[in-house]
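Undergrad: Chains as they are written, first to last, in the working numbering: chain A, 3 to 257; chain B, 3 to 257; chain C, 3 to 257; chain D, 3 to 257.
Right under this line is the structure:
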């Protein structure tokens with residue numbers, strides 16, 4: 003009973019304490035992510051670096067404690083240890099332990115593995131479920147328009163390569179390079195590192211932009227629509243309509 | 003009775019004068035905001051600077067008069083003085099009074115506090131109400147997708163940092179710096195101050211852009227949808243539908 | 003009768019010739035606009051400049067002919083001469099006549115007045131009507147959100163000015179200058195001529211971008227929605243619905 | 003019977019093998035497109051260039067085999083040879099054969115004609131059909147708003163030319179050059195190669211951007227809406243509505 007209560011506390015489903023402990027753990031994860039980001043800033047005052055290091059040790063101890071608690075309080079410790087979340091929980095401690103070895107500190111990538119902790123945010127979250135369900139809902143559409151978008155990007159890249167390669171041999175040096183231009187243009191980000199300068203290239207760009215934006219925008223629109231769909235943002239409108247109708251016929255109905 | 007009429011005049015709810023006085027006050031606020039903006043322009047002819055100063059003094063007098071009138075005509079002067087709008091009304095005069103002290107003129111921030119006047123535009127406005135209602139309506143969705151977007155931004159920033167840090171140590175010097183790149187890219191603003199140049203960074207960007215735009219666009223889409231919802235822009239379409247249905251059943255119904 | 007037929011020919015409502023003559027005139031207007039654009043290109047070969055000049059004279063003659071025909075064939079010549087389209091028809095000839103004076107050729111603005119001809123494209127067009135009806139439909143919403151957007155732009159400009167003025171005194175030299183940054187950012191165009199470089203400015207930008215894009219996007223969304231509304235792009239969907247309903251009740255109904 | 007089975011294999015409609023062979027051919031086409039893109043990269047190691055060449059020869063043999071098989075197995079070989087797909091199948095081999103001649107290798111455009119193979123991806127694809135149907139559905143709307151957008155672009159280009167030509171005679175040297183600015187701005191790509199610097203030009207841009215984005219966005223929105231329409235992403239919403247209506251009449255119906 004008591005061991006069960008501890009797991010409930012960590013999962014945020016405890017009767018009395020609700021999700022307070024889980025929220026605190028999630029806040030720690032977010033703070034840890036911020037600390038990891040700040041560590042990479044150059045020229046931090048030594049006192050601040052020291053503070054970040056101490057904070058990391060503190061977080062490390064908390065997560066080790068969480069892992070040990072979950073392991074000992076679980077009904078099936080071995081099953082937990084090899085489950086998805088068990089491995090994630092372990093992995094969110096291990097790289098930090100390695101980090102305490104000064105000679106490993108320098109390897110940036112190892113330090114960033116600590117970010118696997120972010121995955122723990124999704125343990126009790128419904129957002130990932132929603133996203134997953136939304137993507138499942140529109141998988142077929144996404145594949146079709148993903149392929150169409152990829153073709154559009156490829157054809158645009160080849161076109162701009164033909165038009166601009168001679169005028170800007172460095173900027174549009176190859177088709178893969180031109181693909182980068184196509185991605186930056188069709189997402190309308192437009193960094194400005196690559197752009198056509200020949201008349202032909204500009205006319206070609208104008209045409210493919212107006213056609214292509216309509217096609218390339220569809221995958222994004224599909225995800226957005228599916229997300230809104232699975233979340234019933236359209237609730238209020240629906241409610242109004244329901245009220246109108248149910249008022250007259252069936253006031254107990256819930257949609 | 004008479005004192006009540008003055009408050010009504012200022013609020014724009016007077017029987018005879020309608021919202022003429024309130025409109026004039028609102029116009030003054032907008033003009034004041036424009037004047038404050040123009041003051042910051044370098045190399046203005048002295049005559050123009052003088053004019054702006056005189057205009058500021060004029061506006062100051064109007065707002066002092068409004069404050070005094072509201073204070074003396076209110077049924078509960080003390081209650082008004084400590085109410086939200088009472089404090090706003092006072093604050094929109096005070097910084098300007100300070101402004102008359104030449105030695106304070108230099109402090110730019112003090113001068114800009116005058117912009118608190120803009121808040122007075124919302125006293126009788128329905129736009130803020132609508133915005134507020136729209137945001138309340140979708141608070142839950144906004145939080146979920148705000149968090150998802152933040153995670154997406156963070157993960158993209160870490161990814162681009164890993165890919166680009168060695169190639170562009172100045173541009174992508176740290177993860178917080180890379181976060182700025184992520185914000186500018188996922189909002190599709192794309193200033194062009196930071197962009198990936200390595201092949202790995204560009205492929206990574208291409209992938210996260212197509213996935214991320216779908217996620218990051220949702221909060222904006224939610225606000226837009228909620229605003230349109232609270233405003234019934236969908237009116238005409240709904241009407242048509244109603245007509246279709248009501249034609250057959252209940253021709254007197256109005257939605 | 004015959005004079006009436008000429009007007010019908012020019013308006014594109016003639017029984018036998020349909021809108022062939024009107025289409026030809028419209029094509030001439032479009033060609034004239036292209037010619038006017040090409041004239042401004044530097045370093046054109048003299049033969050081409052000569053050709054454009056000859057084409058201009060030809061177009062001029064056609065439009066003079068059209069004006070004279072409309073004037074003589076109209077039932078009420080004087081009424082026509084002072085009507086909106088009468089004045090437009092006259093104006094589309096006059097600047098070109100002036101153009102034939104070599105000494106006036108240099109004044110670019112005079113030459114561009116010829117573009118008033120573009121207005122003639124809308125004489126029989128329904129597109130302008132639709133646009134007008136769409137805008138009328140959503141006038142109220144547009145004003146409210148136009149004002150909100152303007153406030154958002156202004157407040158963002160003031161904010162970025164406070165954050166960036168000291169770091170980039172040239173780029174963000176004044177609030178009006180910062181307003182230009184706000185316009186380019188909130189429309190997500192992001193030219194990259196102005197962007198924040200301080201940490202404070204970037205954090206501020208990140209926040210206002212996510213909030214502001216939701217607000218500033220609304221006026222555009224409203225116009226788009228209204229345009230689609232007045233055009234029944236939703237036709238197919240509606241048809242489906244109609245079929246569903248009418249199938250059961252009234253198969254002859256057409257919406 | 004056997005010859006028929008081969009065509010079915012190639013088309014992906016074979017009973018037992020399903021679309022396995024067709025999928026393999028499609029994968030080859032995609033790989034071929036990637037290879038063609040990689041060939042243009044400078045400074046590839048010779049071994050890799052050699053590999054790409056061998057791969058090209060392999061693909062060439064496959065496509066020649068496919069063409070011969072289709073030709074000999076078709077019921078009407080001559081009819082096939084002169085059909086659309088017959089010519090595409092032939093064309094996807096021919097340029098590659100030419101490529102084997104070393105002296106033709108240098109002509110980039112000839113080598114890129116091999117990309118005609120991409121068209122073969124659409125032989126059995128439904129995506130092109132959908133796109134085609136979607137475009138047919140909204141042809142009328144697209145033309146009207148395409149013309150309106152073109153006018154908007156043209157007028158904006160003329161305006162910015164008038165405002166900026168004197169300040170930036172190189173950047174805004176002519177109206178066609180300014181048109182390029184208009185395209186990059188109204189698609190919100192904003193490369194940053196051209197932008198207004200005069201106060202007048204910026205105010206003009208601010209106004210036309212807010213008006214124009216609403217108009218120029220419509221063609222893209224129409225294509226997106228039509229694509230989603232032909233794909234019934236709106237399915238769930240429609241279902242709900244159906245239920246409402248049928249509730250009153252036929253509660254057992256499920257759509």
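The C-beta atom is built at its ideal place from N, Cα and C for all residues, glycine as well.
#1: Could you tell me which whole alpha helix (DSSP H) segments of length 4 or greater appear in the stretch 171 to 209 of chain A?
#2: Nearest chain B C-beta to residue 200 of chain D closer than 8 Å, yes or no?
#3: Relative to the C-alpha of residue 31 of chain A, which candidate in A:43, A:208, A:61 has its C-alpha closest?
#4: Does the stretch 132 to 143 of chain D touch the stretch 218 to 231 of chain D, meaning 3 or more C-beta pairs lie closer than 8 Å?
#5: Note the first and the last residue of the continuous alpha helix (DSSP H) segment covering residue 19 of chain D.
#6: Which of the three DSSP states, helix, strand or coil, is assigned to residue 97 of chain B?
#7: How many Å lie between residue 154 of chain A and residue 38 of chain D at the Cα?
#8: Can you list, in chain order, the stretches of the alpha helix (DSSP H) that have 4 or more residues and sit fully within the stretch 112 to 171 of chain D?
#9: Since residue 118 of chain B and residue 94 of chain B are thought to touch, with beta carbons under 8 Å apart, how far apart are those beta carbons, to the nearest angstrom?
#10: In three-state DSSP terms, what is residue 221 of chain D?
#11: Assuming residue 66 of chain D is part of the alpha helix (DSSP H), what are its boundary residues?
#12: Would you mind stating whether residue 197 of chain B and residue 82 of chain A have Cβ atoms separated by less than 8 Å?
#13: Determine the closest residue to residue 121 of chain D out of D:26, D:215, D:14, D:35, with distance taken between C-alpha atoms.
#14: Is residue 78 of chain B helix, strand or coil when you go by DSSP?
#15: What residues in its chain sit with their C-beta under 7 Å from that of residue 86 of chain A, if we drop five residues either side in the sequence?
#16: Taking contact to mean at least 3 C-beta pairs separated by less than 8 Å, is the stretch 139 to 150 of chain C in contact with the stretch 204 to 216 of chain C?
#17: To the nearest angstrom, how far is the alpha carbon of residue 149 of chain B from that of residue 162 of chain A?
#18: Would residue 42 of chain B pass as an interface residue toward chain C - the criterion being a Cβ-Cβ separation below 8 Å?
#19: In terms of residues, what are the limits of the alpha helix (DSSP H) holding residue 43 of chain B?
#20: Apart from the five residues just before and just after residue 45 of chain B, which ones in its own chain have a Cβ nearer than 8 Å to its Cβ?
#21: Spell out whether any CB of chain A is found under 8 Å from the CB atom of residue 207 of chain C.
#22: Measuring alpha carbon to alpha carbon, tell me which of D:179, D:220, D:28, D:232 ends up nearest residue 131 of chain D.
#23: With distances taken Cα to Cα, identify the nearest neighbour of residue 8 of chain B among B:90, B:175, B:75.
#24: Measure how close the beta-carbons of residue 181 of chain C and residue 189 of chain B come, nearest whole angstrom, since I'm counting them as under 8 Å.
#25: When the Cα atoms are used, what is the spatial distance from residue 41 of chain C to residue 177 of chain D?
#26: Run through chain F and tell me which residues come within less than 7 Å of residue 187 of chain C, C-beta to C-beta.
#27: Would a check of beta-carbon distances place residue 235 of chain B closer than 8 Å to chain C?
#28: Where does residue 59 of chain C land, buried or exposed, given buried means 16+ other C-beta within 10 angstroms?
#29: Short of 6 Å in beta carbon distance, which residues of its chain neighbour residue 73 of chain B, apart from the five on each side in sequence? Order them along the chain.
#30: Using the beta-carbon count (16 or more within 10 Å), is residue 19 of chain C buried or exposed?
#31: Is the Cβ of residue 24 of chain D closer than 8 Å to any Cβ of chain A?
#32: For residue 194 of chain B, return the contacting residues in chain D, with the cut-off set at a CB-CB distance below 9 Å.
#33: Flag this pair as yes or no: are the beta carbons of residue 201 of chain B and residue 166 of chain B separated by less than 8 Å?
#34: With the cut-off set at 8 Å, would you say residue 12 of chain A and residue 68 of chain A are in Cβ contact?
#35: What residues in its chain sit with their C-beta under 7 Å from that of residue 54 of chain D, if we drop five residues either side in the sequence?
#36: Is residue 84 of chain D helix, strand or coil by DSSP?
TA: So, from the listed chains and residues:
#1: 177 to 188
#2: Here residue 200 of chain D refers to the residue found at position 198 of the fourth chain. Answer no: the Cβ-Cβ gap between residue 200 of chain D and chain B never drops below 8 Å.
#3: Taking the first chain and counting its residues from 1, one reaches residue 31 of chain A at position 29. Sorting A:43, A:208, A:61 by C-alpha distance to the C-alpha of residue 31 of chain A places A:61 at the top.
#4: yes
#5: Within the fourth chain, the letter at position 17 stands for residue 19 of chain D. First-last for residue 19 of chain D: undefined, no H or E at that position.
#6: Within the second chain, residue 97 of chain B is the residue found at index 95, counting from 1. Residue 97 of chain B: helix per DSSP, three-state reduction.
#7: Taking the first residue of the first chain as position 1, residue 154 of chain A is located at position 152. Taking the first residue of the fourth chain as position 1, residue 38 of chain D is located at position 36. Between residue 154 of chain A and residue 38 of chain D, the C-alpha separation is close to 16 Å.
#8: 129 to 139, 141 to 166
#9: Position 116 of the second chain holds residue 118 of chain B. Position 92 of the second chain holds residue 94 of chain B. Indeed they touch by this definition, with Cβ atoms about 5 Å apart.
#10: Position 219 of the fourth chain, counted from the start, is the residue given in the question as residue 221 of chain D. Of the three classes helix, strand and coil, the one that applies to residue 221 of chain D here is helix, per DSSP.
#11: The residue labelled residue 66 of chain D in the question sits at position 64 within the fourth chain. Note, residue 66 of chain D: alpha helix (DSSP H), 48 to 75.
#12: Here the question's residue 197 of chain B lines up with position 195 in the second chain. Here the question's residue 82 of chain A lines up with position 80 in the first chain. Contact: no.
#13: Translated into positions along the fourth chain, residue 121 of chain D becomes position 119. The shortest C-alpha separation from residue 121 of chain D is found at D:35.
#14: Taking the first residue of the second chain as position 1, residue 78 of chain B is located at position 76. Coil, per DSSP.
#15: Walking along the first chain from the start, residue 86 of chain A turns up at place 84. Closer than 7 Å at the Cβ level, and outside the excluded window around residue 86 of chain A, lies no residue.
#16: no
#17: Taking the second chain and counting its residues from 1, the one referred to as residue 149 of chain B is at position 147. Taking the first chain and counting its residues from 1, the one referred to as residue 162 of chain A is at position 160. Straight-line Cα distance between these residues: approximately 38 Å.
#18: Position 40 of the second chain, counted from the start, is the residue given in the question as residue 42 of chain B. Interface residue, yes.
#19: The residue you call residue 43 of chain B lines up with position 41 of the second chain. No alpha helix (DSSP H) holds residue 43 of chain B; DSSP gives it neither H nor E.
#20: Position 43 of the second chain, counting from 1, holds the residue named residue 45 of chain B. Result list for residue 45 of chain B: empty, nothing under 8 Å.
#21: To locate residue 207 of chain C, count along the third chain from 1; it is residue 205. No - not a single Cβ of chain A is within 8 Å of the one on residue 207 of chain C.
#22: Working through the fourth chain from its first residue, we reach residue 131 of chain D at position 129. Nearest C-alpha to residue 131 of chain D: D:232.
#23: By 1-based counting over the second chain, the position of residue 8 of chain B is 6. For the residues B:90, B:175, B:75, the minimum Cα distance to residue 8 of chain B belongs to B:75.
#24: In the third chain, the residue the question calls residue 181 of chain C occupies position 179. In the second chain, the residue the question calls residue 189 of chain B occupies position 187. The Cβ separation is near 19 Å, so there is no contact.
#25: Taking the third chain and counting its residues from 1, one reaches residue 41 of chain C at position 39. Taking the fourth chain and counting its residues from 1, one reaches residue 177 of chain D at position 175. Approximately 8 Å, taken between the alpha carbons.
#26: The structure shown contains no chain F; the protein chains it does contain are A, B, C and D.
#27: The residue given as residue 235 of chain B occupies position 233 in the second chain. For residue 235 of chain B, the predicted model reports a pLDDT of 41, less than 50, meaning its position is unreliable; a value from the coordinates is still stated below. Yes, residue 235 of chain B lies at the interface with chain C (some Cβ there is under 8 Å from its Cβ).
#28: Locating residue 59 of chain C in the third chain gives position 57, where the first residue counts as 1. By the neighbour-count criterion, in which 16 or more other beta carbons inside 10 Å mark a residue as buried, residue 59 of chain C falls on the exposed side.
#29: Within the second chain, the letter at position 71 stands for residue 73 of chain B. So the qualifying residues of the chain are 79.
#30: Taking the third chain and counting its residues from 1, one reaches residue 19 of chain C at position 17. Classification of residue 19 of chain C: exposed, given that the 10 Å Cβ count is below 16.
#31: To locate residue 24 of chain D, count along the fourth chain from 1; it is residue 22. No, its Cβ sits nowhere closer than 8 Å to a Cβ of chain A.
#32: Residue 194 of chain B sits at position 192 when you count from the first residue of the second chain. Taking the beta carbon of residue 194 of chain B as reference, the chain D residues within 9 Å of it are 192, 193, 194, listed in sequence order.
#33: Here the question's residue 201 of chain B lines up with position 199 in the second chain. Here the question's residue 166 of chain B lines up with position 164 in the second chain. Not closer than 8 Å, so no.
#34: Position 10 of the first chain holds residue 12 of chain A. Position 66 of the first chain holds residue 68 of chain A. Against a cut-off of 8 Å, the Cβ pair of residue 68 of chain A and residue 12 of chain A comes out as a contact.
#35: The sequence position of residue 54 of chain D within the fourth chain is 52, counting from 1. Cβ contact annotation for residue 54 of chain D (same chain, cutoff 7 Å, sequence separation greater than five): 37, 40, 41, in chain order.
#36: Numbered from 1 along the fourth chain, position 82 holds the residue referred to as residue 84 of chain D. Looking at residue 84 of chain D - three-state DSSP - the assignment turns out to be coil, as it is neither helix nor strand.
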